[in-house]
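Here is the structure we will look at.
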Amino acid sequence: IANIRRGYTTGAEEFFYLDKDQIKLWNIEQRYYKPVITNPRKIQHPKLSDVILDEYLLTVYEPKDALQGTNVIKYIEYGESRGYHLRQTTKTRKMWYSLAKREPSPIIIHRFIRDRIIVAWNDVKAAVDDSFYEITPNNEKDTLIILGYLNSSILSLIMELHGRLYGAGLFEIKVYELRKLPVINPIKLRERERNRISEAFIKY
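Quick note: the sequence shown uses our numbering, first residue 1076, plus one each step.
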């Protein structure tokens, strides 16, 4: 029904994750960053368009010689002066500052859950860090149906049966456990049922 993957593993969070002050300080060009979510507490509603996005992911895919004359190259050189390029994860990349280029998934869920399960619709196409799982339906038309099901009360029960509960109400689900969750098959739903589930999620 869908593919599941973890969000970005950067190897140097303090370099790759930017706030507005850092962007302003270095005057980094807008084409070299995009919104990212690293904090699950920001998600209080299942639509990311209702979330204030004030953190950004550095997205540079060009070699250094093609970056000459930009401000982002100065930030990359600063990162090298701090030794970020020598870390275990970054030093294995052809361009240490360049993360894999990939399309954001339309559905995200955090690995750790406390109090309330919120499976979010990534309608703003934000990136996420590796504490989140990204879910991409095989058929894009099934996105709202899957979201409606994943935000239902029945899923909360199923998640508890498949995941693991720690102290103080902290719940975790591993990626392989998420892949095994029983879900409805959108293909087998009638059009009226598909519409009811989609509309219920939109009004949620």
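All C-beta atoms, glycine included, are put in the ideal place defined by N, C-alpha and C. Treat the numbers as computed from the prediction; the structure is a model and nothing was measured.
>> Among the candidates P1115, Y1083, R1254, whose CA atom is the shortest distance from the CA of I1188?
In response: Along the sequence shown, read from residue 1 onward, the residue named residue 1188 stands at position 113. Checked all of P1115, Y1083, R1254; the closest Cα to I1188 is P1115.
>> If distances are taken between C-alpha atoms only, which option among E1235, I1229, L1093 comes closest to E1252?
In response: As a first step, residue 1252 must be located in the sequence shown, where it is residue number 177. Among E1235, I1229, L1093, the Cα nearest to that of E1252 is on E1235.
> How should R1190 be labelled, buried or exposed, when 16 other C-beta atoms within 10 angstroms of its C-beta is the threshold for buried?
Replying inline: The residue given as residue 1190 occupies position 115 in the sequence shown. Per the sequence presented here, residue 1190 reads as Asp, with Arg not at that position. D1190 should be labelled exposed.
>> Within a Cβ cutoff of 6 Å, which residues of the same chain sit near P1257, ignoring the five residues on either side of it in sequence?
In response: Taking the first residue of the sequence shown as position 1, residue 1257 is located at position 182. Within the same chain, P1257 has no close Cβ partners at all.
> For V1203, is the classification buried or exposed, using 16 other Cβ atoms within 10 angstroms of its Cβ as the cut-off for buried?
Replying inline: Here residue 1203 refers to the residue found at position 128 when the sequence shown is read from its first residue. The residue is buried, with at least 16 neighbouring Cβ atoms inside 10 Å.
> CA-CA distance, V1250 and N1078?
Replying inline: Here residue 1250 refers to the residue found at position 175 of the sequence shown. Here residue 1078 refers to the residue found at position 3 of the sequence shown. Answer to the nearest angstrom: the Cα atoms are 11 Å apart.
> Once you ignore the five residues that flank K1255 on each side, which residues in its own chain have a CB closer than 7 Å to its CB?
Replying inline: The residue given as residue 1255 occupies position 180 in the sequence shown. The residues are H1237.
>> I'd like the span of the beta strand (DSSP E) that includes I1112, first residue to last.
In response: Here the question's residue 1112 lines up with position 37 in the sequence shown. Per DSSP, I1112 belongs to the beta strand (DSSP E) from 1108-1112.
> Is it a yes or a no for the segment 1218-1228 touching the segment 1148-1158, going by three-plus beta-carbon pairs under 8 Å?
Replying inline: no
> Are there 16 or more other CB atoms within 10 angstroms of the CB of A1201, so buried, or fewer, so exposed?
Replying inline: Taking the first residue of the sequence shown as position 1, residue 1201 is located at position 126. Buried is the call here.
>> Could you compute how far the alpha carbon of K1150 sits from the alpha carbon of T1113?
In response: On the sequence shown, position 75 is the one that residue 1150 refers to. On the sequence shown, position 38 is the one that residue 1113 refers to. Looking at the sequence provided, one finds Tyr at residue 1150 rather than Lys. Looking at the two C-alpha atoms, the distance is approximately 21 Å.
> Does the Cβ of P1138 have 16 or more other Cβ atoms within 10 Å, making it buried, or fewer, making it exposed?
Replying inline: In the sequence shown, counting from the first residue as 1, residue 1138 sits at position 63. Under this definition P1138 is an exposed residue.
> Looking only at DSSP bridge pairs, what is P1196 linked to?
Replying inline: To locate residue 1196, count along the sequence shown from 1; it is residue 121. The sequence shown places Trp at residue 1196, rather than the Pro named in the question. K1122, I1182, per the DSSP bridge assignment.
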